[in-house]
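Asker: One structure, pasted below without further comment.
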Amino acid sequence: MTKLPLEVRRMIYERALGGVTIHLQSEKGRPRAKQCPREECTCFYFDPISEKSLSFGLGLLRTCRLVYDEAIEFLYSANTFSLTTEGDELTTVNYLSHYFLPQRLSQIRDLRFHWFLDIAPFVFMLDWLSPSMEPWLRSWDSLSRMTGLRKLHVVLEYRLLSFDEGYKKMWKEKEVELLAAVKTVTAPRHFVVVLPNRRCTTDLDVGPSRCVFRSSEEQQSPDMP
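Note that the UniProt record's numbering numbers the sequence shown so that position 204 is 204, with each residue one more than the last.
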């Protein structure tokens with residue numbers, strides 16, 4: 001392997017270590033990573049029965065120190081990472097900087113995040129009496145710190161109640177304030193936020209970010225223009 005030109009070795013590393021979607025959740029205070037069984041991940045729930053172990057190409061990293069140093073970045077840069085708040089012990093997006101070394105976190109290029117708004121801790125920002133925006137803003141801040149991102153696809157959704165059950169009026173009053181947080185996420189070239197209902201406004205100021213808002217009815221892949 002080491003006798004091959006570096007450019008060829010890097011192509012081999014990318015093919016061996018990349019090309020899959022990695023489900024990432026927190027379990028017992030630690031990251032749990034599994035391979036999505038689907039060719040294109042649209043999972044909002046990570047089913048441990050159908051998920052696969054991360055066995056692809058990892059033996060390559062154990063070959064020698066030189067190969068490890070050259071190849072390890074492709075485990076992060078050549079795969080899609082997928083997060084969901086459904087069934088997550090912690091809000092994993094907030095702990096990525098604890099789970100990964102800074103140089104590894106900055107190598108993640110493609111991230112999908114299925115974000116339910118009516119489960120803890122985000123449900124508290126819907127409280128009419130004492131709404132708390134802190135969990136929402138903290139998670140957007142965590143996304144803004146992923147400076148290596150090139151694609152970001154965020155799906156906002158209600159899990160337990162329908163959009164019409166009390167949330168329509170709240171969303172209409174707060175959507176500008178809520179979605180102003182996307183302005184802080186400036187790294188991704190392809191950045192889509194799917195809103196929970198077609199009645200949500202998609203024509204909002206996104207500041208210096210490249211964010212495009214879409215309704216759930218017109219959801220498309222993050223690399224669409």
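Beta carbons: idealized from backbone N, C-alpha and C, even for Gly. Computed from a predicted model, the values in this text were never measured in an experiment.
Evaluate the contact criterion for the stretch 145-154 versus the stretch 173-193: three or more CB pairs, one atom per stretch, below 8 Å.
Answerer: yes
Asker: Kindly indicate which three-state DSSP category S82 falls into: helix, strand or coil?
Answerer: In this structure, S82 counts as strand in the three-state DSSP scheme.
Asker: Round the Cβ separation of L143 and F81 to the nearest angstrom and send it over; I've been treating them as touching at under 8 Å.
Answerer: Taking 8 Å as the upper bound for CB-CB distance, L143 and F81 are not in contact here, some 12 Å apart.
Asker: Whose C-beta lies closer than 8 Å to the C-beta of I22 among residues of the same chain, with five residues either side of it excluded?
Answerer: A33, K34, Q35, C36, L54, N79, T80, F81 and S82
Asker: When the Cα of Y99 is compared with those of R112, I119, Y76 and E86, which residue comes out closest?
Answerer: Y76
Asker: Let me know the alpha helix (DSSP H) ranges lying completely inside the stretch 29-69, each 4 residues or longer, listed in chain order.
Answerer: 58-61
Asker: Does the separation of the CB atoms of E89 and E27 fall below 9 Å?
Answerer: yes
Asker: Going by beta carbon distance, what residues of the same chain come within less than 6 Å of L6, once the five residues before and after it are set aside?
Answerer: none
Asker: Would you please state the rounded distance, in angstroms, between the beta carbons of D85 and F46? I believe it to be under 8 Å.
Answerer: With the sequence shown as reference, residue 85 is identified as Thr, and Asp is not the correct amino acid for it. No, T85 and F46 are not in contact; Cβ-Cβ is about 11 Å, not under 8 Å.
Asker: Mapping the DSSP letters down to three states, classify F100 as helix, strand or coil.
Answerer: coil
Asker: Does DSSP put R150 in a helix, in a strand, or in coil?
Answerer: coil
Asker: Does at least one heavy atom of the ligand ZN sit under 8 Å from the Cβ of Y76?
Answerer: As for the ligand ZN, it is missing from this structure, which has no ligand bound.
Asker: Quick check on the DSSP output: the alpha helix (DSSP H) that includes D141 runs from which residue to which?
Answerer: Annotation for D141: the continuous alpha helix (DSSP H) segment containing it runs E134 to S144.
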